[in-house]
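Residue numbers for the sequence shown, in the working numbering: 1 to 140. Beta carbons: idealized from backbone N, C-alpha and C, even for Gly. Inspection log for the structure reproduced underneath, given as structure tokens.
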Amino acid sequence: MFNPFEDFKEFLSKARTLPLDRLSADHDQIMAELTSGYGKLVEQELKSLVWFVEHNRVIEAYKTATEVVKDLSYDAHSIEDFCYVLDSGVDIPYLISGPAGIYVAALCNHVAEEKIVLRLGEMKRTLHFLGYRLPYGRSL
1 MFNPFEDFKE
11 FLSKARTLPL
21 DRLSADHDQI
31 MAELTSGYGK
41 LVEQELKSLV
51 WFVEHNRVIE
61 AYKTATEVVK
71 DLSYDAHSIE
81 DFCYVLDSGV
91 DIPYLISGPA
101 GIYVAALCNH
111 VAEEKIVLRL
121 GEMKRTLHFL
131 GYRLPYGRSL
């Protein structure tokens with residue numbers, strides 16, 4: 001029996017990559033960086049075992065969050081996605097609303113966009129300190 005495709009057996013086609021695959025990989029990388037940054041902040045804050053809302057504690061947590069986020073590459077949409085990652089508790093097993101809110105505030109304060117829209121109405125948990133030290137002229 002004759003195989004009509006025998007002549008094409010040596011043909012190698014290029015592997016196709018879809019734009020969605022690239023976007024998904026970029027999104028996953030950004031979420032991993034943001035999650036890692038939050039983990040660093042929580043590690044620093046949990047050294048005292050209990051997180052108290054004291055003025056100097058908030059300032060120190062914000063300073064740590066600022067140091068963590070300054071080298072990250074993200075946009076306002078990534079911040080919103082990260083808030084839902086926090087809320088789901090899947091990748092982040094421990095959500096402490098004070099440090100989480102301070103971390104999100106630091107993300108908002110250091111993002112390139114001037115107007116930041118976070119649609120967080122569907123979240124089950126509350127993030128405190130959103131808007132903390134928001135620069136003048138920036139909208140959240």
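Separation of residue j from residue i, as counted between CA atoms
i	j	result
L107	G121	19 Å
Y38	D28	15 Å
P135	H128	18 Å
I79	S36	14 Å
L12	R138	53 Å
V58	A15	51 Å
L17	D26	Checking the displayed sequence, the identity of residue 17 turns out to be Thr instead of Leu. Going by the C-alpha atoms only, they are around 14 Å apart.
Beta-carbon contacts of residue i that lie in its chain and below 6 Å, excluding the five residues immediately before and after
i	result
A76	V111, E113, I116
F82	L34
Other residues of its chain near residue i: CB distance less than 7 Å, five sequence neighbours each side excluded
i	result
R133	Y62, A105, N109
M31	D81, F82, V85
D87	M123, K124, R125
Q44	T64
Cut-off 8 Å between Cβ atoms - residues of its own chain near residue i, not counting five sequence neighbours on either side
i	result
L41	A61, T64, A65, V68, P99, I102, Y103
K70	H110
G131	A105, C108, L140
S97	R125, T126, L127, H128
S73	I30, E33
R119	E80
Would you check if there are 3 or more beta carbon pairs closer than 8 Å linking the stretch 84-92 to the stretch 57-76? no
Unbroken alpha helix (DSSP H) runs of length 4 or more, entirely within the stretch 61-124: which are they? 76-88, 97-110
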